[in-house]
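Residue numbers (my numbering): 780 to 1279. Virtual Cβ for every residue (Gly too), placed ideally from N, Cα, C. Report on the structure given below.
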Ligand code: NAD
């Protein structure tokens, strides 16, 4: 059985004291590797490697740092099929979706390649007589990234390309459920010319995470995962004096107005609810239909579309399926439990994915597309993040009710409105308390040069991922005020200095 270790100082390092966790191929339901759950000592070794590399890397000119990332991007492009296959094997998503994930990650690398421009400070001449002022955006130091299973390439790439471009060194703790893609990226960074210790991967669980949250050399912690863990990471890192951004879970609403084209709405919902088996933080899990007529039209079309959706392994089929399996047997049981719960809570189960069997893959962690109608806000299937292919339809009377629904929900990651009315769209985007809004766009994931992040309990910390916030998060601002007097005429001033 393959054993996945760690990547420290540009070398694969195994830890004799590590516990092991199984890594599965979700389409087969079979173990394919063991991953090390590293000891505290190995995690400390990764942090120390990053700390030792900091001085040299932070002093490397930004253009030279950017060139390593240009090379890294070219290497990822060259190896993208192999990387996508690795994602499919350990995550389960279909091959074209894995390719899409790589592309979205690479867009952040492209953004980071422009760091000589993005990290320029500002300069003001003559803020007072003979006095100039300028700011510098200096690296923060050693940074840690802790990432979830659902985007094993894209989410780490939200973090480390910008961190490295800004002159920081990095320790990545990927999900223990699919650790191989991170190791693959580490090798490509080394091949691109990244010096020893600048980027390290430590595989593990809470033991490793707690070292990263408490080690004095770590200055900044970037986290993406579920809300309870995001909250723990944010509060612990903050208590330990580290800067932290921690993105959490979601329950994203798509509002269908009566004037929206029902076919467009249904196509949007199919992809957004069932793509990647619903295991996306931007997946739509609630369709809010305004008016019974709208709801009836959409539910009947969704029923047909969901029943004809193709489910199967993400690779190796003549025709690619629309969605693959869930990440694990445990998660499959949890999702099935939510469907049972929806039935017992009184929602109308219109399409039932519980009994799906994929021929030749009977042990895979598949759940078929599931559709509930008449879901209400007191139900657990409405309030909790299911993270599976389960779409709930909630019926409301008007736009105000739809806005209230989204605003009252604990989460506020993404949302969308489908309408032909500019006024309704404008009202929705202005009033809704959600971080990312789509207007006739079901999954409004911002491009790399904008920022990604939710509101409410979907994100903790003031700075979002990538874009200008990414550069701010991975740099510290310093402002210098300077004067070069011709002679020693400076006298002591006891009042607050002002420019005359
Ligand atoms: P998770 O919270 O279980 O794990 C995320 C990371 O935290 C992993 O690296 C894991 O090893 C670590 N971790 C888990 N338990 C821990 C603990 N007790 N102490 C310290 N570290 C711990 O999340 P997951 O199941 O891997 O990912 C799915 C979740 O991530 C969903 O809730 C999804 O919405 C969320 N997500 C959010 C975004 C976003 O941008 N907001 C993006 C992707 C995923």
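Test item: CB-CB of residue i and residue j under 8 Å
{"i": "residue 1215", "j": "residue 1240", "result": "no"}
{"i": "residue 846", "j": "residue 813", "result": "no"}
{"i": "residue 981", "j": "residue 836", "result": "no"}
{"i": "residue 1026", "j": "residue 1238", "result": "yes"}
{"i": "residue 801", "j": "residue 866", "result": "no"}
{"i": "residue 944", "j": "residue 951", "result": "no"}
{"i": "residue 991", "j": "residue 1003", "result": "no"}
{"i": "residue 966", "j": "residue 870", "result": "no"}
{"i": "residue 1132", "j": "residue 806", "result": "no"}
{"i": "residue 1100", "j": "residue 934", "result": "no"}
{"i": "residue 1182", "j": "residue 1207", "result": "yes"}
{"i": "residue 855", "j": "residue 885", "result": "yes"}
{"i": "residue 888", "j": "residue 851", "result": "yes"}
{"i": "residue 925", "j": "residue 868", "result": "no"}
{"i": "residue 909", "j": "residue 1223", "result": "no"}
{"i": "residue 1081", "j": "residue 1045", "result": "yes"}
{"i": "residue 862", "j": "residue 793", "result": "no"}
{"i": "residue 1204", "j": "residue 1213", "result": "no"}
{"i": "residue 916", "j": "residue 1254", "result": "yes"}
{"i": "residue 1039", "j": "residue 1197", "result": "yes"}
{"i": "residue 996", "j": "residue 826", "result": "yes"}
Residue burial classification, residue i (beta-carbon count within 10 angstroms, cutoff 16)
{"i": "residue 896", "result": "exposed"}
{"i": "residue 1176", "result": "exposed"}
{"i": "residue 1087", "result": "exposed"}
{"i": "residue 1242", "result": "buried"}
{"i": "residue 843", "result": "exposed"}
{"i": "residue 903", "result": "exposed"}
{"i": "residue 1024", "result": "buried"}
{"i": "residue 791", "result": "exposed"}
{"i": "residue 1143", "result": "buried"}
{"i": "residue 818", "result": "buried"}
{"i": "residue 1273", "result": "exposed"}
{"i": "residue 1147", "result": "buried"}
{"i": "residue 898", "result": "buried"}
{"i": "residue 969", "result": "buried"}
{"i": "residue 1149", "result": "buried"}
{"i": "residue 993", "result": "exposed"}
{"i": "residue 1159", "result": "exposed"}
{"i": "residue 1202", "result": "exposed"}
{"i": "residue 959", "result": "buried"}
Reference residue i, options the options, closest by Cα
{"i": "residue 1227", "options": "1247, 1000, 860, 850", "result": "1247"}
{"i": "residue 1166", "options": "961, 1220, 1052, 1082", "result": "1052"}
{"i": "residue 912", "options": "1075, 970, 1229, 900", "result": "900"}
{"i": "residue 824", "options": "786, 800, 1237, 852", "result": "786"}
{"i": "residue 1180", "options": "1162, 1200, 1211", "result": "1211"}
{"i": "residue 918", "options": "831, 928, 1251, 1272", "result": "1251"}
{"i": "residue 1067", "options": "1275, 947, 1032, 961", "result": "1032"}
{"i": "residue 739", "options": "1100, 1092, 1114, 1046", "result": "One cannot answer for residue 739 here, as it falls past the ends of the chain, which runs 780 to 1279."}
{"i": "residue 1070", "options": "1040, 1080, 1178", "result": "1178"}
{"i": "residue 1047", "options": "1075, 1011, 1085, 1254", "result": "1085"}
{"i": "residue 1005", "options": "1221, 879, 1061", "result": "1061"}
{"i": "residue 797", "options": "983, 861, 1081", "result": "983"}
{"i": "residue 1193", "options": "819, 1168, 1173, 1225", "result": "1225"}
{"i": "residue 1064", "options": "1221, 910, 1275", "result": "1221"}
{"i": "residue 1151", "options": "1042, 1118, 1145", "result": "1118"}
{"i": "residue 921", "options": "1022, 1141, 1049", "result": "1022"}
{"i": "residue 1076", "options": "1269, 1259, 959, 1174", "result": "1174"}
{"i": "residue 1136", "options": "959, 1092, 1169, 1122", "result": "1092"}
{"i": "residue 927", "options": "1202, 1203, 955", "result": "955"}
{"i": "residue 1041", "options": "1199, 876, 858", "result": "1199"}
{"i": "residue 985", "options": "1015, 1188, 995", "result": "1015"}
{"i": "residue 1124", "options": "1138, 1109, 1153, 1140", "result": "1153"}
Rounded Cβ spacing between residue i and residue j (contact assumed at less than 8 Å)
{"i": "residue 1128", "j": "residue 1156", "result": "With a Cβ gap of about 18 Å, residue 1128 and residue 1156 do not count as contacting."}
{"i": "residue 971", "j": "residue 1164", "result": "36 Å between Cβ atoms; not a contact."}
{"i": "residue 1245", "j": "residue 937", "result": "5 Å"}
{"i": "residue 1037", "j": "residue 1072", "result": "7 Å"}
{"i": "residue 822", "j": "residue 987", "result": "4 Å"}
{"i": "residue 829", "j": "residue 974", "result": "The Cβ separation is near 11 Å, so there is no contact."}
{"i": "residue 1257", "j": "residue 914", "result": "7 Å"}
{"i": "residue 891", "j": "residue 940", "result": "4 Å"}
{"i": "residue 881", "j": "residue 859", "result": "5 Å"}
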